[in-house]
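K.L.:
Under UniProt numbering, the sequence shown has 162 at position 162, and the numbering climbs by one with no breaks.
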Amino acid sequence: MARFIKQVHKKSKAFTLVELTIVIILVAIIAAVSSQFFTNVVLGYNDADLRVALSHSGRIATEKVSRELRNAMPQSIRVSNNCIEFIPISSSAHYQDQNLTYTSPAVASKPLPVSGQNSADNQLDVFNLNFTAQAGMNYYVVVYPLGPGSLNADPYITTNPGSLFNYVSQSFINAPSNSITRITMDAAYLFTRHSPMRRLFIVTAPISYCIVANRLQRHTSYGFNSTQASPPLGTIQRVVDDLQLNDSGNPIIPFVFTAGTLVRNAVVKLDFRIRKIDQLGNDNWVRLSHEVQIRNVP
Numbered sequence: 001m002a003r004f005i006k007q008v009h010k011k012s013k014a015f016t017l018v019e020l021t022i023v024i025i026l027v028a029i030i031a032a033v034s035s036q037f038f039t040n041v042v043l044g045y046n047d048a049d050l051r052v053a054l055s056h057s058g059r060i061a062t063e064k065v066s067r068e069l070r071n072a073m074p075q076s077i078r079v080s081n082n083c084i085e086f087i088p089i090s091s092s093a094h095y096q097d098q099n100l101t102y103t104s105p106a107v108a109s110k111p112l113p114v115s116g117q118n119s120a121d122n123q124l125d126v127f128n129l130n131f132t133a134q135a136g137m138n139y140y141v142v143v144y145p146l147g148p149g150s151l152n153a154d155p156y157i158t159t160n161p162g163s164l165f166n167y168v169s170q171s172f173i174n175a176p177s178n179s180i181t182r183i184t185m186d187a188a189y190l191f192t193r194h195s196p197m198r199r200l201f202i203v204t205a206p207i208s209y210c211i212v213a214n215r216l217q218r219h220t221s222y223g224f225n226s227t228q229a230s231p232p233l234g235t236i237q238r239v240v241d242d243l244q245l246n247d248s249g250n251p252i253i254p255f256v257f258t259a260g261t262l263v264r265n266a267v268v269k270l271d272f273r274i275r276k277i278d279q280l281g282n283d284n285w286v287r288l289s290h291e292v293q294i295r296n297v298p
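#1: Please classify residue 243: does DSSP put it in a helix, a strand, or coil?
#2: In or out: residue 227 buried (at least 16 other Cβ within 10 Å) or exposed?
#3: In chain order, what residues of the same chain lie with their CB nearer than 7 Å to the CB of residue 223, ignoring the 5 residues before and after it?
#4: Kindly indicate which three-state DSSP category residue 357 falls into: helix, strand or coil?
#5: For the beta strand (DSSP E) containing residue 214, list its first residue and its last residue.
#6: Is it true that the CB of residue 128 sits closer than 8 Å to the CB of residue 93?
#7: Look at the Cβ atom of residue 54, then the Cβ atom of residue 274, and state whether they are nearer than 8 Å.
#8: For residue 27, which three-state DSSP category applies?
#9: Where residue 77 and residue 286 are concerned, what is the direct C-alpha to C-alpha distance, given to the nearest angstrom?
#10: Give the secondary structure of residue 58 by DSSP, where H, G and I count as helix, E and B as strand, and everything else as coil.
#11: Give the straight-line distance between the Cα atoms of residue 45 and residue 59, rounded to the nearest whole angstrom.
#12: Pick from 236, 182, 90, 155: whose alpha carbon is nearest that of residue 191?
#13: Would you decide whether residue 197 is buried or exposed? Buried here means 16 or more other CB atoms lie within 10 Å of its CB.
#14: If you reduce the DSSP assignment to three classes, tell me which class residue 52 lands in.
#15: Touching or not, the segment 83-101 and the segment 169-179, by the rule of three or more beta carbon pairs under 8 Å?
#16: Measure from the alpha carbon of residue 281 to the alpha carbon of each residue in 20, 50, 18, then state which is nearest.
#17: Quick check for students: name the residue ranges of the beta strand (DSSP E) that lie wholly in the segment 104-182, counting only runs of 3 or more.
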């Protein structure tokens, strides 16, 4: 009996055109959604990173200006346009105001030369001065400045009599205790008046902070000017960029100085607005308002 072997041939199945189209559409939708998701994640990260950078710039600006302002000499701060100027203190001490002879060793004192009280001199004695001059720096001796515009008590005007004159050197006159220091100036000089607390400052040349072309700049090495330059010349150091002087149509005053009185210290208000446009064209702002107390008194 013959055996018949029946072979069954299975037909191979494939995607139809409709199925392939559906798959392509689904893959495209998933890719688009995923792309948008990752785009939003990246943009969100960039936006957060931008805001962190703006905040960091703002902190740098306020901290740098505040730190130097806290060491400003009394009655030396002045503001013009978008610039603030002041004279930094290097050291301070109390000065001798009496004609006498020290006992160890027997040396005649050098009291502060004051107009109408004694003769001009290029030397004076101070007590417990903690100061070492740095090479290449110019220093000045200041006694009781009354502020800009106060004629011969204006620290920015080098008159004789006046309140500020060139420091040259110092020496101890009562070793080994070294509590009395004799300061030498570069010529005979008369100060306008005594300080009520017999206080003397050793200072360096003025410093200015200015906002120029949306950039906060530090200006040094330009000397003393009777009229404030805004901005001055000299050496320029960039601090931060993107500072704005107008916010939504309102002008911004970055530096406001309020003079001290008998019951409160002088205050400088800083108002810094930093703006940056992100990749989507959105405005990003950091607005910083900070007050600095000027604790030093004449």
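Just so you know, even glycine gets a beta-carbon here, dropped at the ideal spot from N, CA and C.
None of the values given here were measured: they were computed from a predicted structure.
P.N.:
Well, looking at it:
#1: strand
#2: Exposed.
#3: Counting only Cβ-Cβ distances below 7 Å, and skipping sequence neighbours, we find 205.
#4: Here the chain has residues from 1 to 298 only, and residue 357 is not among them.
#5: From DSSP, residue 214 is part of no beta strand (DSSP E); its letter is neither H nor E.
#6: yes
#7: It is a contact, given that the beta carbons lie within the stated cut-off.
#8: helix
#9: 26 Å
#10: helix
#11: Unreliable placement is indicated for residue 45, whose pLDDT of 49 sits below 50; no coordinate value is reported for it.
#12: 155
#13: exposed
#14: helix
#15: no
#16: 50
#17: Runs of the beta strand (DSSP E) lying entirely within the segment 104-182 and spanning at least 3 residues, in chain order: 121-127, 140-142, 164-172.
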